[in-house]
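Reading the sequence shown from the start, the letters are residues 773 to 915 in my numbering.
For glycine and all other residues, C-beta sits at the position ideal for the given N, C-alpha and C.
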Amino acid sequence: MKLRFIYILALLFFIQTEVKAQCGGDDFMDFCAEVLGDFNFIKANKINLSNADTNKDTPTVQYAQVLSTNNTYCITACYSGSGNMILELYDRDHKLIMSNYDKVKKKYYPVINYICSATGVYYFVYSFSGVESACGISMIGVK
């Protein structure tokens, strides 16, 4: 009986480790959904550095999304492990609008809110600092 219990514990440990290693983003869905609060969910972007653009100094993953004038958008940055996930929002001309990282204070924020001033395509660029391999999810909500 004792041996069977140890076997089950070992099996559960390996199953749990494999789920975390898959880096699918589903582990973060519930937490990020809570962070959106009263914003209406639009889209979830799964971030995995194995799919990153490695032509840059810092590997990045980019998604495009149409945002509409006078809407307020809530954008989350949920990740697993050490380091920090950086979220940068660019306009259609690839001009940086905002980031969840404040370079002056050297502080990361898990959520940014953006009031859209012009309808168009916006680019969400994700990267990680302090790690070579990481994953996460970013949810976009509108109000």
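Whether residue i touches residue j by CB criterion (8 Å)
i, j, result
"Leu859", "Ile869", "no"
"Gly913", "Phe803", "no"
"Gln837", "Tyr894", "yes"
"Lys879", "Phe811", "no"
"Gly908", "Arg864", "no"
"Val883", "Val807", "yes"
Which listed residue (the options) has its alpha carbon closest to that of residue i
i, options, result
"Ser910", "Arg864, Tyr835 and Pro831", "Tyr835"
"Ala816", "Cys850, Ser822, Thr830 and Asp863", "Cys850"
"Met857", "Phe900, Glu806 and Asn872", "Phe900"
"Tyr881", "Asn820, Pro831 and Gly855", "Gly855"
Alpha-carbon spacing of residue i relative to residue j, whole angstroms
i, j, result
"Ser935", "Val903", "The structure shown does not extend to residue 935, since the chain is modelled only from 773 to 915, so the question has no answer here."
"Val876", "Leu861", "18 Å"
"Gly797", "Ala805", "Residue confidence is low: Gly797 scores 47 on pLDDT, short of 50, so the model does not pin down where it sits. No coordinate-derived value is stated."
"Val897", "Ala906", "15 Å"
"Asn872", "Asn842", "21 Å"
"Ser822", "Thr844", "31 Å"
"Ser889", "Asp874", "22 Å"
"Ser852", "Lys818", "12 Å"
"Gly809", "Met801", "13 Å"
"Pro831", "Asn820", "10 Å"
"His866", "Asp829", "18 Å"
The ligand SAH heavy atom lying under 7 Å from the CB of residue i
i, result
"Lys915", "Ligands in the displayed structure: none, and consequently the ligand SAH is not present."
**OP:** Ignoring anything shorter than 3 residues or poking outside the stretch 820-877, list the beta strand (DSSP E) runs there in chain order.
**Re:** Counting only runs of 3 or more, we get 833-839, 844-848, 850-852, 856-862 and 868-871.
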